[in-house]
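Everything on this sheet refers to the single structure shown next.
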Amino acid sequence: MHNLKSFEIWFLTGSQHLYGPETLKQVDADSVIIANHLDSHPEMPVKVVFKPVLKSTEEILNICKEANHTSNCIGIVIWMHTFSPSKMWIGGLKILQVPLLHLHTQFNRDIPFADIDMDFMNLNQSAHGDREMGFMLSRMRMPRKVVVGHWQAASVITQISAWSRVAAGRHLMKTMKVVRFGDNMRYVGVTDGDKVSAEIKFGFSVNTHGVGDLVKVINEIGDAQIKALIEEYESSYVLMPSLLQGGAMRSSLIEAARIELGIKTFLEDGGYSAYTDTFEDLHGMRQLPGIASQRLMAAGYGFGGEGDWKTSAMVHVMKSMATGLAGGNTFMEDYTYHFDPSRQMVLGSHMLEICPSIAASTPTCEIHPLGIGGKEDPVRLVFNGSAGPAINVSLIDMGDRFRLLVNEVDAVEVTESFPKLPTARALWQPKPTMEIGLQAWLLAGGAHHTVYSQNLTTAHMEDFAEMLDMELVIIDGSTNIRDLKQQLRTNDYIYK
Ligand code: MN
């Protein structure tokens with residue numbers, strides 16, 4: 366996982382020379398206090414860096430150039446303590462390449478009715494200074510997030526910190542590398558797509574290695590490393606008896622550990638932060654990677670089954686955004702339905718590869734036949750996902766654009782037992798209802814694969830879509846099919 370504190374957002378305050386040095390000194394001093402408050406707030410995932418007040422076209426252009434070229438600057442926050450004529454901002458904004466948050470706040474929370482005079486009015490003008498800024502940002506069609514409220518208000522902190530997480534994810538996405546072991550599952554549509562368009566749009570590259578390249582690395586893993594990893598398995602999970610020392614399937618556990626270490630080494634050596642595999646191409650591998658993919662996801666790597674590079678990239682990006690938050694993010698698949706009218710639910714699972722970051726309790730480590738792929742029985746972690754609100758996110762290639770689809774769901778506590786289904790799984794109810802939620806998902810062309818997140822919300826995905834200037838379709842408690850159909854029709858024209 367990345368340390369998000371290595372990333373910076375810059376706190377920029379606009380003003381002008383008109384007010385004279387004394388007022389500008391006060392603007393600086395107030396801005397330092399706000400920037401420091403944000404920076405030291407426990408909810409803030411990144412560093413917030415104060416920059417001296419901006420008073421001219423040249424200063425604004427220079428700070429925007431500097432933000433573009435500073436490799437750990439992931440975005441800027443701007444606010445106008447006083448009035449800052451917005452034509453001074455055109456040059457800087459035109460070249461700005463990092464995400465922008467417009468913070469509409471003021472230093473004082475309350476109007477000091479008994480003492481307020483014209484000096485106070487001259488210093489505290491964000492109510493109209495930020496309107497001047499808002500006009501120019503709209504005039505220039507600049508995508509940005511607008512946050513309104515006093516800088517100490519909880520909702521302001523929450524919105525800025527959420528946006529910062531998304532900016533960090535976008536920043537990592539710009540340079541991330543996805544590796545595919547083997548190609549797409551034969552004939553499958555939604556997992557395929559235009560990798561060139563994706564690299565132009567998002568920055569991440571997707572390249573393929575024959576599985577033999579990976580097998581070579583797996584076969585070079587030494588016994589000492591395997592022994593250490595087996596000990597980690599034993600201390601982290603409840604192993605089924607046949608996998609214990611002396612058990613009948615112990616050699617399969619050793620092979621699973623070798624596969625995990627081999628994939629990890631391959632990813633580290635190549636600088637990859639996400640990968641895909643496919644059960645149709647495992648030449649030279651004895652098992653389909655199960656526990657390996659589960660644990661590598663838990664360590665922050667993206668994973669997609671059956672060659673699904675889009676979902677794999679999004680797993681890594683969303684895990685990075687959620688660094689340090691309670692709850693998990695995982696590759697997921699809508700598997701089968703419970704249409705009992707009293708308790709309608711989706712069973713989400715995969716053959717093997719669900720990340721244990723969503724587990725309600727300590728996973729068991731088990732081995733069972735797979736019935737697909739024609740390989741030896743794979744080792745996997747088995748657990749139930751925990752209850753609570755979650756989202757399912759699908760990135761799909763519409764041919765002329767990428768669409769980001771989000772469905773809010775409520776995961777329910779898994780009370781049923783699955784004696785014959787040894788996979789990790791979660792049960793949830795889609796919003797607004799099972800019928801409308803699934804109808805909307807199908808109409809929007811959402812994939813069977815998703816990123817399932819317990820700790821990111823629709824608000825994060827809205828910021829993400831805004832920053833990347835991409836289509837966003839949300840299925841939530843207020844979705845109705847007639848409006849959704851109209852939105853999809855309208856979007857086809859907007860994104861043509
Ligand atoms: Mn699948």
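Numbered according to the numbering used here, the sequence shown spans residues 366 to 861. For glycine and all other residues, C-beta sits at the position ideal for the given N, C-alpha and C.
With respect to 7 angstroms, is the separation between the Cβ of residue i and the closest non-hydrogen atom of the ligand MN below this value?
i: Glu645; result: no
i: Gly764; result: no
i: Glu698; result: yes
i: Gly738; result: no
i: Gly672; result: no
i: Ile814; result: According to the sequence displayed, residue 814 carries His and not Ile. Within the cutoff, so yes.
i: His703; result: no
i: His715; result: yes
Assuming the contact rule is C-beta atoms closer than 8 angstroms, residue i and residue j should be a hit. Round their C-beta distance to whole Å, please.
i: Leu808; j: Leu853; result: 7 angstroms
i: Tyr860; j: Asp765; result: 6 angstroms
i: Leu786; j: Tyr602; result: Their Cβ separation, rounded to whole angstroms, is 18 angstroms, which puts Leu786 and Tyr602 out of contact at 8 angstroms.
i: Lys592; j: Gln652; result: Actually they are not in contact, since the Cβ atoms of Lys592 and Gln652 sit about 19 angstroms apart, beyond 8 angstroms.
i: Leu465; j: Ile441; result: 6 angstroms
i: Met541; j: Ser421; result: Not quite, the Cβ-Cβ distance comes to about 37 angstroms (not below 8 angstroms), so this is no contact.
i: Leu609; j: Val744; result: Rounded, the Cβ-Cβ distance is 13 angstroms, inconsistent with contact.
i: Ala776; j: Leu792; result: 7 angstroms
i: Met679; j: Val771; result: That belief does not hold up - the Cβ atoms of Met679 and Val771 are roughly 11 angstroms apart, past 8 angstroms.
i: Ala725; j: Gly689; result: So it is not a contact: roughly 20 angstroms between Cβ atoms.
i: Pro417; j: Asp395; result: That pair is no contact at about 13 angstroms.
i: Gly672; j: Asn549; result: 4 angstroms
i: Thr335; j: Val582; result: Outside the modelled stretch of the chain, which goes from 366 to 861, sits residue 335, for which no answer is possible.
Looking at the secondary structure, which residues open and close the alpha helix (DSSP H) in which residue i lies?
i: Val521; result: Ala519 to Met538
i: His825; result: Thr823 to Met832
i: Ala639; result: Not the alpha helix (DSSP H): Ala639 falls in the beta strand (DSSP E), residues Ala639 to Thr641.
i: His681; result: Trp674 to Met686
i: Met799; result: Met799 to Leu808
i: Leu717; result: Counting along the chain, Leu717 falls outside any alpha helix (DSSP H), and DSSP gives it neither H nor E.
i: Ile455; result: Ile455 to Ile460
i: Leu594; result: Asp588 to Ser601
Residue range of the beta strand (DSSP E) that residue i falls in?
i: Lys836; result: It is worth fixing the name first, because residue 836 is Glu in this sequence and not Lys. Glu836 to Ile840 is the span of the beta strand (DSSP E), which, as asked, contains Glu836.
i: Ala791; result: Arg790 to Pro795
i: Ala394; result: Element bounds for Ala394: not the beta strand (DSSP E) but the alpha helix (DSSP H), Pro386 to Ser405.
i: Thr695; result: Asn694 to His703
i: His814; result: His814 to Ser818
i: Cys730; result: Thr729 to Ile732
i: Asn572; result: Ser570 to His574
i: Asn489; result: Per DSSP, Asn489 belongs to no beta strand (DSSP E) and is neither H nor E.
i: Leu769; result: Phe767 to Val777
i: Asn757; result: Gly753 to Asp762
i: Leu465; result: Leu465 to His469
Within 8 angstroms, do at least three Cβ pairs link the segment 404-422 to the segment 496-514?
no
Touch test, the segment 821-835 against the segment 517-531, Cβ-Cβ under 8 angstroms, three pairs minimum
yes
Inter-stretch contact at 8 angstroms, needing at least 3 Cβ pairs: the segment 480-489 / the segment 515-524:
no
On the three-pair Cβ rule with 8 angstroms, is the segment 793-811 touching the segment 830-850?
yes
With contact counted as at least three CB pairs below 8 angstroms, one residue from each stretch, are the segment 446-456 and the segment 488-504 in contact?
yes
With three or more beta-carbon pairs closer than 8 angstroms as the criterion, would you say the segment 659-669 touches the segment 690-701?
Yes, the segment 659-669 touches the segment 690-701.
Touching or not, the segment 417-435 and the segment 377-388, by the rule of three or more beta carbon pairs under 8 angstroms?
yes
May I ask you to verify whether the segment 612-627 touches the segment 701-713, counting CB pairs closer than 8 angstroms and requiring at least 3?
no
Touch check for the segment 381-391 and the segment 456-463: three-plus C-beta pairs under 8 angstroms?
no
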